[in-house]
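As structure tokens, this is what we get:
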């Protein structure tokens, strides 16, 4: 689940993901499947059918009963079902783990400083999931609760035009010094338009050597920003694509910085990859695992378990994400079934769904791989509907 908390924001607490103990994971419609993929209802039935058919009883034979067993005629043991990873992601264990080396690159009309401030630790590409996100420096306070819940690699693209570059450096230095979890897990990529460049870009070592006072006012509280003074739009999809391209793991979760993930999601998800795939449907060429998102009322702590989230939903202290802004954008198939299902402390697929009416405006947040389409960079945060074309392209890949 994800929530908006931090030093300065106590307004709307946003939850993302069906909580901790069980995410309501879906194999979504913009998952590419072969032509013979079963219909959703049939696929769902098969997904949860873990029983094997009983053999037909053999005709009784007294003579046969008295004949000693011939080991050479014993039936071969059944071949175990492949794991989800073996069936859908056979190349997971041969992926390459890149080094977090700082490098500049020109991305359209933006300069990008990839891995400008790398995380102190880096897991192998097949051992974790990278949370890819984006912000400007005024929203980086959200990185703290995000990484404390995620406890794994985070790839953050930060928009830092002109004078906001120095404010961003001060904010990153503050967070790394005062919140060790940020230094351990978060890699920052800074980017800015080629016509709004900073006056000076110091080497990374200069920033890493800084030790700001943790009792001083956090730099992200600054009221003045270069972006606002120059009336710049926020290139949200450029930021999303930068963060995702830079992710160093096989699996990625592209999300927003104000959406806080469920506790223990990474080990639960990787455990699911190692379980047998109960579905008898052929492996699709692409799957994604969609996580429902919720908003929690201001002043309330984010729920730590699925049961706590369900109670908050029943009381009205939690609601589906953007319920009063764009309800069709996050109308999730099977939400009622998920809320009423018996959950365990694990991540499970509870429904196979497609992005068909009435869910054709769905803008899901999901775990996927680097094979999924990137976001349409013509769209900005201010224009909204910024995920729609990416989801539509995924759908057309069916």
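Residue numbers (this note's numbering): 37 to 434. Virtual Cβ for every residue (Gly too), placed ideally from N, Cα, C. What you are looking at is a predicted structure, and each value in this text was computed from that prediction instead of being measured.
Could you say which of 327, 347, 337 lies nearest to residue 388 if we only look at CA atoms? 327
Is it the case that the segment 209-216 contacts the segment 283-303, given that we only count it when at least three CB pairs across the two stretches are under 8 angstroms? no
How far does the beta strand (DSSP E) with residue 132 in it reach, from first residue to last? Segment: none, residue 132 is in no beta strand (DSSP E) and carries neither H nor E.
From 197, 179, 245, 255, residue whose alpha carbon lies closest to that of residue 222: 179
Quick check on the burial criterion: 16 or more other C-beta atoms within 10 angstroms. Buried or exposed for residue 200? buried
Checking 8 angstroms against the spacing of the C-beta atoms, do residue 173 and residue 256 come in under that value? yes
Which value, in whole angstroms, describes the spacing of the CA atoms of residue 206 and residue 169? 19 angstroms
Between the CA atoms of residue 375 and residue 336 - distance to the nearest angstrom: 20 angstroms
Minimum C-alpha distance to residue 302 - residue among 130, 238, 253, 184: 184
Distance between residue 362 and residue 267 (C-alpha atoms, nearest Å): 26 angstroms
Return helix, strand or coil for residue 215, following the three-state DSSP convention. coil
How is the alpha helix (DSSP H) around residue 273 delimited, first residue to last? 272-281
Using the Cα positions of residue 411 and residue 400, report the straight-line distance between them to the nearest angstrom. 13 angstroms
Within 10 Å of its beta-carbon, does residue 364 have 16 or more other beta-carbons around it, so buried, or fewer, so exposed? exposed
Which two residues bound the contiguous alpha helix (DSSP H) that contains residue 396? Run containing residue 396: none; DSSP gives neither H nor E here.
Counting pairs of Cβ atoms below 8 angstroms between the segment 187-198 and the segment 241-249, do you hit three or more? no
Provide the residue(s) that pair with residue 145 in DSSP beta bridges, ordered along the chain. Residue 145 pairs with nothing; no bridge assigned.
State the CB to CB distance for the pair residue 290 and residue 276, rounded to an integer number of angstroms; the pair is presumed to be in contact (CB under 8 angstroms). 6 angstroms
Specify the secondary structure class of residue 414 as computed by DSSP and reduced to three states. coil
Based on Cα-Cα distance, which residue from 371, 155, 347, 280 lies nearest to residue 408? 280
Taking just the CA atoms, how far does residue 139 sit from residue 240? 11 angstroms
Can you tell which of 397, 309, 171 has the C-alpha that lies nearest to the C-alpha of residue 228? 171
Which of the three DSSP states is assigned to residue 120 in this structure? helix
Whole beta strand (DSSP E) elements within the segment 182-211, 3-residue minimum: 190-195
Decide if residue 414 is buried, meaning its Cβ has at least 16 other Cβ atoms within 10 Å, or exposed. exposed
Do residue 261 and residue 226 count as a contact pair if the criterion is CB distance below 8 angstroms? no
Counting C-beta neighbours from all protein chains within 10 Å, is the total for residue 252 16 or more, i.e. buried, or is it exposed? exposed
Residue burial classification, residue 393 (beta-carbon count within 10 angstroms, cutoff 16): exposed
Buried or exposed by the 16-neighbour rule on C-beta atoms within 10 Å, applied to residue 264: exposed
Could you pull out every unbroken alpha helix (DSSP H) segment of at least 4 residues lying fully inside the segment 290-367, listed in chain order? 301-309, 342-351
In this structure, does DSSP put residue 178 in helix, strand or coil? helix
Give me the Cα-Cα distance between residue 182 and residue 219, rounded to the nearest whole angstrom. 13 angstroms
Through-space distance from residue 278 to residue 269, alpha-carbon basis: 17 angstroms
Buried/exposed call for residue 345, threshold 16 Cβ in 10 Å: buried
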